[in-house]
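Visitor: Read left to right, the sequence shown gives residues 7 to 95 (my numbering). Backbone N, C-alpha and C fix where the C-beta goes; we use that ideal spot for every residue, glycine too.
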Amino acid sequence: MNRKLHHLTFSILSGALLLASSLPAAAADSSGARIATGVGRVIAAQGNVALVRIREELKDNLLETLKPLLPNEQNQAQVDEPKDVASSH
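(1) The alpha helix (DSSP H) spanning Asn67 covers which residue range?
(2) Going by the CB atoms, is the gap between Ile60 and Ile18 shorter than 9 Å?
(3) Could you give the distance in angstroms between the alpha-carbon of Leu72 and the alpha-carbon of Leu57?
(4) Under the three-state reduction of DSSP, which class applies to Leu75: helix, strand or coil?
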């Protein structure tokens with residue numbers, strides 16, 4: 007997961023730098039401001055996608071880590087069944 011996260015982060019940052027370097031130097035005019043806003047939205051959308059993927063990967067890793075500690079379905083069924091009080095005496 008760490009390698010995937012590093013690669014994804016690097017891809018986003020390099021894409022942002024590429025887009026930022028292609029903007030005109032004088033972005034104060036209205037068209038430059040619109041372009042900068044559009045680029046910002048693209049970067050924000052990529053960041054949101056990355057955060058969703060990171061959350062999913064963390065959830066999957068947590069479930070895999072906790073899986074040996076959780077009861078399996080067969081043991082859980084035995085725990086959930088009510089015991090007959092009369093037969094236990």
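Guide: In terms of the structure at hand:
(1) Counting along the chain, the alpha helix (DSSP H) containing Asn67 begins and ends at 36-72.
(2) Not closer than 9 Å, so no.
(3) Spanning the two alpha carbons is a distance of roughly 22 Å.
(4) Helix at Leu75.
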